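What follows is a set of notes on a single structure, which appears directly below.
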Amino acid sequence: MAVHSLILTVSLLLLTAAGTASGQCSSSPVPKEVNETSPVGTVIEVLDSSYNQVATPTIDAVYACYFELVNSTLRLKRQFNLENFTSCVDDSTVTPLSPQSIQIGCSGGGVTATFLVRLVDVNEFPPTFEPNVFRVNVSEAIALGTSIIQLNSYVKDKDFSNVRTFNILIVSGSNNDFGMNSGITSGIVTVQRALDYDAGPRQYVMNISAADLAYESTSLPVPLTGYATLIVDVQDADDLSPVFSESSYSLYFMENDTSYLNRSLETSPVLLARDGDIGINQTINYAIESGSKLDNAYQTDKPTSRISVTLCLVTVGDKNDNAPVMSSAVYNVSVAENSLINTYVTAVKASDADLGENATFIFLLNDTTGAFQIDANSGLVTVANSALLDREARSSFIILVWARESLTPEKFASPASQLTVNLIDVNDNAPAFNASSYAFVVSEDAPVGTPIGAVFATDGDADVASGNGRIGRYDIVWSGSGVSA
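Those letters in the sequence shown? Residues -23 to -1, 1 to 462, by mature numbering (1 follows the signal peptide of the UniProt record, and there is no 0).
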């Protein structure tokens, strides 16, 4: 409740007639307080018979309609509204500051007596913010302690006697990132902790209060509080480089395919980078730094300082454009006749300039005799039928070997190579005479050394040069009775 400074001076005429008691019809030195919310009829002063209660009190015309003297009682005729005080003359709004005099004559006429009336302002209205919603943009790079707004000048109070000083507080919503370190009556909101647009929060909605000062008389009977909303929008600062959507990317295309020339190639996943500062979202450009890195996802406004790097694995697909090639067009090997089945003969080799499945092949063999076989995977040639390996029947075999792709739809094959297998003669035949018996006639007196006949033997082995098929000597291993060797 505020004490209003308006003092109305009420003057009463003193009685001068004989027999008037001393001290009656006199002025009152103690002001009478009347609240602006006091109802019509509120008693200001009760008068005794020494006052002239018939004459109309004399008062400034502006205030005359607010008081009346009825049945020895000076009372309130019209309620005060100090926030909108109107004149009794023309109902215009006036400022009720000057003291006024109400004169009431004594019963015998003469001097006047004065009453002091103090109009008391009541704290009816809470403080209000004008406007009641504030919005401030603040960069995330703002320094700690920086003021973002001062609110005290925006607080109003409709009460007539307000002192225009208030307790201003952040009630909620600051997340302790903002405060009023400069004093609660200043209304200065400052940054208390570092802001981060990217990690958030990006907006603060704070409830702000303004309250009457409790120790001020203008706050009576109780201090009142008003509220407003302070919205702080955090603005993104350019403090982050671009960010790729993935840690790495891959790119695939086929070798020797001219259709890829001068066209865009799409990575997997699609190559994408964005400005790390989401609120700025600067345009991003891309550049290839080297054969192993895709570099310079860079901001167009800061191409040398806002850069990010990622890896892109480029795979060139193998096109099946090469057939297998045998290691030699001609192979010459030897194997002993009568070699057992699966006896090693040779191992042929091949290569394919392609990769992976395109370079996977098997070995094939064409032997019409059926004497040999080949392992499709290793190229190992072995004996398939030992009975056919008879040196006395044939000296060699000529067969074809080649390689053919096994996993491609094209099934490309190498030219056939000639494999000649020479049979090594084995001493598997004993000499044989051309007759089972021989009969010779000799004269009894034939001298020693006289030829009496000849025997002839042959060897079935083919290799004469090695001695297997050559008769070295003849011996008589048995003779008849009385005949010496």
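Idealized CB from N, CA, C, for every residue including glycine. All values derive from a computational prediction rather than experimental measurement.
N- and C-terminal bounds of the beta strand (DSSP E) containing residue i
{"i": "Ser394", "result": "Ser394 to Ile401"}
{"i": "Pro408", "result": "Pro408 to Phe410"}
{"i": "Thr123", "result": "Neither: Thr123 is in no beta strand (DSSP E) and is coded neither H nor E."}
{"i": "Glu22", "result": "Val20 to Val23"}
{"i": "Ala380", "result": "Ser373 to Glu382"}
{"i": "Tyr308", "result": "Val307 to Ala313"}
{"i": "Thr50", "result": "Thr50 to Leu53"}
{"i": "Ser186", "result": "Gln180 to Asp189"}
{"i": "Thr202", "result": "Thr202 to Gln212"}
{"i": "Val113", "result": "Val110 to Ser116"}
{"i": "Glu107", "result": "From DSSP, Glu107 is part of no beta strand (DSSP E); its letter is neither H nor E."}
{"i": "Ala324", "result": "Tyr321 to Ala324"}
Beta-carbon proximity list for residue i, same chain, < 7 Å, skipping 5 on both sides
{"i": "Ser218", "result": "Gly253, Arg283, Ile284 and Ser285"}
{"i": "Glu232", "result": "Val293, Gly294, Asp295 and Lys296"}
Chain-order list of residues whose beta-carbon lies under 8 Å from that of residue i (same chain, five-residue window excluded)
{"i": "Tyr451", "result": "Val432 and Ala434"}
{"i": "Leu317", "result": "Val360 and Ser363"}
{"i": "Val11", "result": "Thr19, Ile21, Leu53, Phe57, Val94, Arg95, Leu96 and Val97"}
{"i": "Gly449", "result": "none"}
{"i": "Gly347", "result": "Ala361, Asn362 and Leu365"}
{"i": "residue 466", "result": "Outside the shown range of the chain, which is -23 to 462, sits residue 466, and nothing can be said about it."}
{"i": "Ala306", "result": "Pro392, Ser394 and Gln395"}
{"i": "Lys9", "result": "Ile21, Glu22, Phe92, Leu93, Val94 and Arg95"}
CA-to-CA distance, residue j to residue i, given in whole angstroms
{"i": "Ala324", "j": "Ile351", "result": "9 Å"}
{"i": "Ser69", "j": "Thr63", "result": "5 Å"}
{"i": "Leu290", "j": "Leu238", "result": "19 Å"}
{"i": "Lys326", "j": "Asp234", "result": "30 Å"}
{"i": "Gly356", "j": "Met303", "result": "10 Å"}
{"i": "Ala188", "j": "Leu51", "result": "38 Å"}
{"i": "Gln259", "j": "Pro178", "result": "21 Å"}
{"i": "Glu369", "j": "Gly333", "result": "47 Å"}
{"i": "Tyr226", "j": "Leu249", "result": "10 Å"}
{"i": "Val167", "j": "Phe230", "result": "The question names Val, but residue 167 is Thr in the sequence shown. Looking at the two C-alpha atoms, the distance is approximately 58 Å."}
{"i": "Tyr40", "j": "Asp25", "result": "24 Å"}
{"i": "Thr244", "j": "Asp278", "result": "26 Å"}
{"i": "Thr427", "j": "Glu421", "result": "11 Å"}
{"i": "Gln276", "j": "Ala120", "result": "25 Å"}
{"i": "residue 467", "j": "Ser328", "result": "Residue 467 lies beyond the stretch modelled for the chain, which goes from -23 to 462, so this question has no answer here."}
Proximal residues to residue i (C-beta, below 6 Å), its chain only, five neighbours per side dropped
{"i": "Arg55", "result": "Cys42 and Tyr43"}
{"i": "Gly(-1)", "result": "Bear in mind that a pLDDT of 47 at Gly(-1), under 50, signals an unreliable position, so the number given afterwards is only what the model happens to contain. Once the five neighbours on either side are set aside, Gly(-1) has no close Cβ partner at all."}
{"i": "Arg112", "result": "Ile208"}
{"i": "Tyr263", "result": "Ala274"}
{"i": "Asn158", "result": "Thr167"}
CB contact flag (residue i, residue j, <7 Å)
{"i": "Ile376", "j": "Ser311", "result": "no"}
{"i": "Asn184", "j": "Ser149", "result": "yes"}
{"i": "Gly203", "j": "Pro103", "result": "yes"}
{"i": "Val115", "j": "Ile125", "result": "yes"}
{"i": "Ala214", "j": "Ala118", "result": "yes"}
{"i": "Leu59", "j": "Glu13", "result": "yes"}
{"i": "Phe417", "j": "Gly430", "result": "yes"}
{"i": "Arg381", "j": "Phe338", "result": "yes"}
Residue i at chain C interface by Cβ criterion, 7 Å
{"i": "Arg179", "result": "Although the question refers to chain C, the structure presented lacks it and comprises just one protein chain."}
Those runs of the beta strand (DSSP E) which lie wholly inside the region 216 to 299 and span at least 3 residues:
225 to 231, 261 to 265, 271 to 276 and 284 to 294
Could you name each continuous beta strand (DSSP E) segment of 3 residues or more that falls completely within the region 125 to 173, going from the start of the chain to the end?
143 to 149 and 165 to 168
If we require 3 or more residues per run, which beta strand (DSSP E) segments fall completely within the region 329 to 373?
338 to 343, 349 to 351 and 357 to 360
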